[in-house]
Every structure is written in structure tokens, then in C-alpha cells.
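Mapping to numbering that gives the first Met the number 0: the sequence shown position 140 is 139, numbers consecutive.
Here a beta-carbon is modelled for each residue, glycine too, at the ideal position from N, C-alpha and C.
Inspection log for the structure reproduced underneath, given as C-alpha cells.
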Amino acid sequence: MKITFLVPPPINAKIPERVAGCAYLLYYVPNIFLLSAAAVLEKAGFEVKYIETTIKKWDRGHFLSFLREDLSDVYCFYSVNLSQNTDLQALKDIREIRGDVPIIFFGPAPSDRPAEFVVDDYAYVVRGEPEYTMLELTKALEKNSALYGIKSVSFRKNGSILNNANREPIEDLDALPFPARHLLEERDVYYNPKLGKRPFTAVCTSRGCSYRCIYCVPSSLSFSRELEYKHHVGKKPPVRKRSPENIIEEFKLLKSQGYNAVNVQDDQFVWGEERTIKICEGIRDLDMVWGCSARSDHLTEPVVKAMAAAHCKFIDLGVESFNQEILDYVKKDIEVKKNEEAINLVKKYGISAKINIMFGASPLETMATIQKNREEVKRLKVDQVMYNIANPFPGTEFYKIAKESKLFVYGDYKPVNVAKEANIAYPHLGKTELENAVRRANFEFFLTPRFILKNIRRLGSLDSMKAMFRKLF
Ligand code: SF4
Numbered sequence: 000m001k002i003t004f005l006v007p008p009p010i011n012a013k014i015p016e017r018v019a020g021c022a023y024l025l026y027y028v029p030n031i032f033l034l035s036a037a038a039v040l041e042k043a044g045f046e047v048k049y050i051e052t053t054i055k056k057w058d059r060g061h062f063l064s065f066l067r068e069d070l071s072d073v074y075c076f077y078s079v080n081l082s083q084n085t086d087l088q089a090l091k092d093i094r095e096i097r098g099d100v101p102i103i104f105f106g107p108a109p110s111d112r113p114a115e116f117v118v119d120d121y122a123y124v125v126r127g128e129p130e131y132t133m134l135e136l137t138k139a140l141e142k143n144s145a146l147y148g149i150k151s152v153s154f155r156k157n158g159s160i161l162n163n164a165n166r167e168p169i170e171d172l173d174a175l176p177f178p179a180r181h182l183l184e185e186r187d188v189y190y191n192p193k194l195g196k197r198p199f200t201a202v203c204t205s206r207g208c209s210y211r212c213i214y215c216v217p218s219s220l221s222f223s224r225e226l227e228y229k230h231h232v233g234k235k236p237p238v239r240k241r242s243p244e245n246i247i248e249e250f251k252l253l254k255s256q257g258y259n260a261v262n263v264q265d266d267q268f269v270w271g272e273e274r275t276i277k278i279c280e281g282i283r284d285l286d287m288v289w290g291c292s293a294r295s296d297h298l299t300e301p302v303v304k305a306m307a308a309a310h311c312k313f314i315d316l317g318v319e320s321f322n323q324e325i326l327d328y329v330k331k332d333i334e335v336k337k338n339e340e341a342i343n344l345v346k347k348y349g350i351s352a353k354i355n356i357m358f359g360a361s362p363l364e365t366m367a368t369i370q371k372n373r374e375e376v377k378r379l380k381v382d383q384v385m386y387n388i389a390n391p392f393p394g395t396e397f398y399k400i401a402k403e404s405k406l407f408v409y410g411d412y413k414p415v416n417v418a419k420e421a422n423i424a425y426p427h428l429g430k431t432e433l434e435n436a437v438r439r440a441n442f443e444f445f446l447t448p449r450f451i452l453k454n455i456r457r458l459g460s461l462d463s464m465k466a467m468f469r470k471l472f
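What follows is the structure, given as C-alpha cells:
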């Protein structure tokens with residue numbers, strides 16, 4: 000059976016980014032979550048293709064021509080909130096040209112709202128972690144057998160939508176094959192300016208995060224997993240980690256395939272000193288640059304030292320605010336002091352500390368707390384900072400608060416560029432004030448000759464730098 004994973008042309012000019020899953024695309028990031036499901040299907044003997052029409056710059060006409068020629072038996076779409084309309088338009092195109100060929104949707108949006116994707120008798124939704132559900136579903140479709148016993152599948156039968164029982168999260172991540180990166184048609188298009196080298200790819204060493212920040216939008220895979228588990232058990236699923244041996248094996252394979260740069264796509268990479276040091280020691284001699292996100296309170300000196308020796312080039316730290324009351328309100332469960340210590344520790348070992356600061360995540364935010372953030376960034380000589388305005392994402396606790404407290408300026412969540420535009424306002428801190436504050440803060444940090452000279456090489460070209468400025472100002 001021929002299975003094709005598709006990224007169709009966007010219905011408006013903006014391309015939804017599907018790995019983080021909550022913004023529009025700035026750089027092409029390989030979707031290793033999709034490629035993990037593809038690898039499981041390939042291993043089972045299916046003929047698998049992956050077509051990212053956005054990279055090929057196909058317009059809709061080109062996409063329709065492709066469908067007229069194509070003979071796939073199943074199409075799959077990894078859907079996030081921002082791609083829902085695009086993916087459902089692609090379903091209509093497929094129906095028009097290819098008739099009742101099966102279409103499978105997976106990812107956070109269909110996991111959250113399967114009924115919106117199961118629009119006919121040949122559309123199916125795989126909820127939560129996709130790998131084994133997708134495998135059982137495609138086998139059943141191939142044999143034309145019943146779907147009732149396949150956990151975490153939603154489908155339509157006799158006019159009703161059936162949501163099969165939830166599947167438990169995958170226990171043994173080492174048992175999964177490595178993502179099918181060979182399906183990527185143009186691997187050099189993927190890039191991470193914080194690493195500055197090609198070929199670039201991503202690796203996922205753990206799934207989930209055990210913390211409880213009210214605004215958190217984890218990676219799209221973690222979000223799918225969380226949504227499915229929460230519907231089932233009412234709380235976040237346990238974090239699952241791959242073994243150091245399995246991770247080192249994947250890095251060695253990537254090295255043998257010519258990759259030079261890796262983003263660790265975990266929500267939080269540093270789970271335990273012993274495990275992290277073991278991974279770092281295992282990849283140190285491969286001379287590949289990499290970066291990750293980590294919580295400050297997991298960054299001990301031996302861990303950071305081992306990461307630096309293993310060529311870690313940046314660590315994304317979710318600092319969010321230098322005000323303790325605000326951190327407590329957003330349930331960050333961390334002390335401001337810890338964040339400061341981590342920034343200094345990371346810099347001490349020559350790793351770039353990239354911090355995120357969010358304005359307006361709490362009613363305790365004022366112009367004074369915003370000003371304090373800017374001063375602390377200067378005082379600590381942070382390498383990179385991204386100032387954003389908090390935007391309550393559906394499915395988060397912050398979203399419920401925003402709805403109840405009527406914080407949304409448009410009445411509900413709207414995808415906006417959070418580096419520029421506010422979706423919320425407080426009686427004492429309006430939309431315009433938040434937008435002016437974030438513009439001023441980004442202006443102050445990014446438009447200094449020191450930053451521009453230091454980063455023009457890292458960003459790869461003047462065009463990349465212009466693209467970044469367009470995003471910010
Ligand atoms: S620590 Fe990071 S990944 Fe974990 S819940 Fe908080 S924001 Fe999300």
C-alpha cells in the first residue's frame with residue numbers, strides 16, 4: 000500500500016509551522032514527529048512518501064496537477080491549529096480528484112477536535128502519539144477490516160462520529176525506529192540560525208514535561224500526547240525518556256549521514272545529571288553542534304560542563320520574568336535567583352544563553368515589572384533574548400483564565416505574531432501599551448551595532464536578518 004504524508008500549499012500567504020505548532024514559519028524545521036510515524040509504517044513494509052509542497056513552492060494549481068497523477072492509497076496530514084483550514088481544503092481537493100481515498104489526520108488539532116476533521120466516511124483521525132495507532136489503522140484499511148478495536152482512532156460510521164478508547168502513551172521510546180529522514184527531498188533547506196551549520200536536523204530524546212506552567216504550549220507532539228491523556232486520565236502524561244545508548248546511536252547515525260547540526264526538540268532536555276552527562280560523553284567526539292531547551296533548575300555545573308564539551312552551542316531558557324510574584328502566578332515553580340545563576344553558568348562555559356521573556360502573563364505585570372526585565376537583561380549581558388506578549392493558547396490554564404477574566408481583546412484566541420501584537424489586555428495595561436513595550440524592548444536589544452555585527456554571520460545572510468527584523472518590528 001502506498002502512503003503519502005502531505006504538507007499542502009497554505010490557503011493564505013503564511014505557512015503554518017507544524018513542529019512547535021503555534022506560529023507561522025520563519026525557518027524550515029524538519030518534522031521529526033511526522034517522520035517517526037512514517038518510519039514505523041516503512042518498517043512494516045508500506046511504501047511511504049513525504050511531500051512538503053511549501054518547500055517546493057507549489058501553488059494550488061501545481062498541487063491539483065500532482066493529485067491528478069498520483070496513485071497513493073492513503074494520504075496523511077500532520078495538522079496543527081494554524082494549518083486546519085489548509086489541510087481541510089486539501090481534503091476537498093483530494094475528494095474532487097481522487098474520490099474516496101482514505102485520509103488520515105494526526106497532530107494536536109485533530110487530537111483536540113476530531114469531529115472537525117472526520118468530515119466524511121473516508122476521513123480518519125489518529126489522536127495522541129501517532130506511531131502505533133497509525134500502524135494499526137493503515138493495516139486495517141489495507142485489509143478493509145473493522146476499526147472498532149483500534150485505540151485512539153476517531154472515524155465516522157452511519158452518520159455518527161465514533162471516538163475509540165484512548166491509548167496509553169508509548170512506554171518504550173527506544174523500541175521506535177529512528178525518524179525516516181531519508182524521506183526529506185531537500186535536506187539542505189532546513190536550518191537553525193542559532194547553530195549556523197548545515198545539514199541540520201532535529202532529534203527528540205524525551206516526550207513531555209512534568210511541570211505545570213499555566214501558559215505552556217509544548218511541542219506539537221507533546222501537545223497531542225497531553226490532549227489525549229488529559230481526556231483519558233485528566234492530568235498530564237508522564238515524561239518518557241529514551242536511553243542514552245539509543246540517543247547516542249542516533250547521533251552516530253546522523254554523523255555518518257553527514258549531518259553537522261542538531262536541535263534537540265524536547266520540551267526540556269535535561270532530565271537528571273547522570274543521563275545527561277552520559278549522552279554528552281557519547282556524542283562529544285562526533286563534533287556536531289547542537290542546542291536544546293532546558294529548565295534552569297536542572298542545569299548543574301557538571302551538566303553544563305559536559306554539554307559544552309559535547310559542542311552544545313545554545314540553551315533556550317524559559318526565564319519569562321525577573322519578578323518572583325509573576326513566576327509564582329504562572330506556576331513556573333522556579334526562583335528568579337536560579338534563572339540568574341543558570342544564565343551565568345551557561346555563559347561561563349561558552350554556551351549561548353537564549354532567554355525568553357513574556358509580557359502580560361499575569362495581572363501582576365506593570366510597566367515597572369516590564370522595565371525591570373529590560374534592566375536585568377542588560378545587567379546579565381544575556382546573549383540572546385526574545386521578548387513576546389503572552390497569548391493564551393487553547394488547551395492551557397492561561398486560556399481558561401483569559402476567557403473567565405475577559406482578557407481577550409478579540410473575544411477569543413487569535414493567532415498573532417506575539418513578538419509584535421497583543422491578543423490580551425488588562426485594565427491597567429492595555430493592548431497598545433503591551434505592544435509598545437515589546438517593540439521598545441526588542442528594539443533596544445536587537446538594533447544595536449554590537450548585536451547586528453555579532454549575528455549577521457550566525458543568521459546566514461543579510462536577508463535572514465531582515466526577515467528576523469520584519470518579524471519583530
Ligand atoms: S517547564 Fe517549559 S515545557 Fe515544562 S510546563 Fe513549563 S513551560 Fe512547559
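- In this structure, the C-beta of GLN267 approaches the ligand SF4 to less than 6 Å from one of its heavy atoms.
- DSSP places ILE246 within a helical segment (H, G or I) once states are collapsed to three.
- For ILE354, the enclosing beta strand (DSSP E) has its first and last residue at 351 to 358.
- Restricting attention to LYS419, PHE392, VAL381, TYR425, the CA atom closest to the CA of VAL408 is found in TYR425.
- For GLU319, no alpha helix (DSSP H) run applies; the uninterrupted beta strand (DSSP E) run containing it begins and ends at 311 to 319, by DSSP.
- A direct Cα-Cα distance of roughly 10 Å separates GLU46 from ALA37.
- Ranked by Cα distance from TYR23, the options PHE65, GLY44, GLN83, LYS48 are led by GLN83.
- The beta-carbon separation of ASP58 and PRO8, rounded to 6 Å, stays under the 8 Å limit for a contact.
- Here THR299 has GLU272 as same chain residues with Cβ atoms under 8 Å from its own Cβ, once five neighbours each way along the sequence are excluded.
- Here ILE354 really is in contact with VAL384; their C-beta atoms are around 5 Å apart, less than 8 Å.
- Remark: C-beta atoms of PRO107 and VAL73 do not approach each other more closely than 7 Å.
- Between ILE213 and GLU396, the gap from beta carbon to beta carbon is short of 7 Å.
- For PRO113, the shortest separation between its Cβ and any heavy atom of the ligand SF4 does not lie below 6 Å.
- In the three-state DSSP reduction, LEU63 falls in the helix class (H, G or I).
- In the displayed model, ASN422 falls within coil according to three-state DSSP, outside both helix and strand.
- Distances between the C-beta of TYR210 and the heavy atoms of the ligand SF4 include at least one below 6 Å.
- ALA352 counts as buried, since at least 16 other C-beta atoms from the protein chains shown sit within 10 angstroms of its C-beta.
- Boundaries of the beta strand (DSSP E) around ARG155: 152 to 156.
- Of the candidates VAL417, VAL6, ILE102, VAL415, ILE102 places its Cα closest to the Cα of VAL117.
- When PRO237, SER144, LEU253, CYS311 are compared, the shortest CA-CA separation from HIS181 is found for LEU253.
- Cα atoms of GLY158 and ALA164: separation of roughly 19 Å, rounded to the nearest angstrom.
- When the beta-carbon positions are compared, ASN390 and ASN422 come within less than 7 Å of each other.
- Residue environment: PRO168 is assigned as buried (16 or more neighbouring CB atoms within 10 Å of its CB, all protein chains considered).
- In the DSSP assignment, GLN88 falls within the alpha helix (DSSP H) that extends over 83 to 97.
- The beta carbon of VAL302 sits closer than 7 Å to the beta carbons of VAL269, GLU272, THR275, ILE276 from its chain, once the five residues preceding and following it are set aside; these are given in chain order.
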